[in-house]
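Peer 1: Here it is, the structure, as structure tokens.
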Amino acid sequence: MQPHLELETTAFEPGQLPGLDEPQVALAGRSNVGKSSLINCLAGRKQLARISSTPGKTRSVNFYRVTPGDYYLVDLPGYGYAKISKTERAHWAKLIERYVESSQSLQAIVLLIDARLTPQKLDLDLLAFVQSRNIPHLAVLTKVDKCKQKDLAQRNKEWSSLLGGATPLPFSSKTGRGREALWNRIRELVSSDGA
Ligand code: GTP
Ligand code: MG
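At position 153 of the sequence shown the residue is numbered 1625 (my numbering), and the sequence of numbers has no breaks.
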């Protein structure tokens, strides 16, 4: 069955974070990696989350309620976009950090990684961040429709060694590849009590 996603809360400032009790799975990754597109693909709706070819589209933390199951998918602002001001970047970093630190019911973070690129410093920083906080995580390679099979095999190799043996999930919002597999993993993460 197609789960239903509804945007419930948007936080631009740490003070606006809702402090939800329900389980949450957050999507994190560099700006323009395809977080909002992935939300739309999962929802089966083209315009639920706003997307843009200009990096830096998502500037708030967006909470999408999933039914059935009563949990949330959380779309985080992309980090590391160089062309915005330092002040604004610091603001986003603080917002993301505050969200992660204050969310008791954050079950897992999905790390979105561009399948076309070798691991970037910002990807490695994000991985180190979730590892240092012992947050369960799952790596997803985005935009695989734009990636040659040979490169994808190389990405798998690079990332599984960084992830201690786990293989990242290939995903394309354009073709829908990986959609069912990702829903299944999200459901597992939500029901696993963060273990
Ligand atoms: P920020 O909100 O800036 O952090 O970006 P984001 O990570 O939410 O990325 P977004 O979903 O806005 O997508 C950025 C661009 O990549 C858009 O032009 C999308 O159409 C494109 N894109 C996203 N996913 C895919 C995909 O699977 N395949 C292809 N070919 N393009 C994609
Ligand atoms: Mg976005």
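Every residue, glycine too, gets a C-beta built ideally from N, C-alpha and C.
Go to L1654, then tell me how far its alpha helix (DSSP H) extends in each direction, as first and last residue.
Peer 2: Start and end: 1651–1663.
Peer 1: Using beta-carbon positions only, say whether Y1544 and Y1536 come within less than 8 Å of one another.
Peer 2: Their beta carbons are under 8 Å apart, which means Y1544 touches Y1536 by this criterion.
Peer 1: Determine, using beta carbons only, whether A1483 comes closer than 8 Å to chain B.
Peer 2: Of the protein chains in this structure there is only one, and it is not chain B.
Peer 1: Measuring straight from C-alpha to C-alpha, what distance separates D1597 and D1542?
Peer 2: When rounded, the distance between both Cα atoms is 31 Å.
Peer 1: Going by other Cβ atoms of all chains shown within 10 Å of its Cβ, with 16 needed for buried, is F1643 buried or exposed?
Peer 2: Counting Cβ neighbours within 10 Å, F1643 comes out buried, since at least 16 surround it.
Peer 1: Please indicate yes or no: does the CB of N1504 lie closer than 7 Å to some heavy atom of the ligand GTP?
Peer 2: Result yes, Cβ under 7 Å from the ligand GTP.
Peer 1: Note the first and the last residue of the continuous alpha helix (DSSP H) segment covering F1601.
Peer 2: Element bounds for F1601: 1593–1604.
Peer 1: What did DSSP end up calling E1478 once you bin it into helix, strand or coil?
Peer 2: Strand at E1478.
Peer 1: When the distance is taken between beta carbons, is V1612 closer than 8 Å to V1572?
Peer 2: No; because the gap between Cβ atoms is not below 8 Å, this pair is not in contact.
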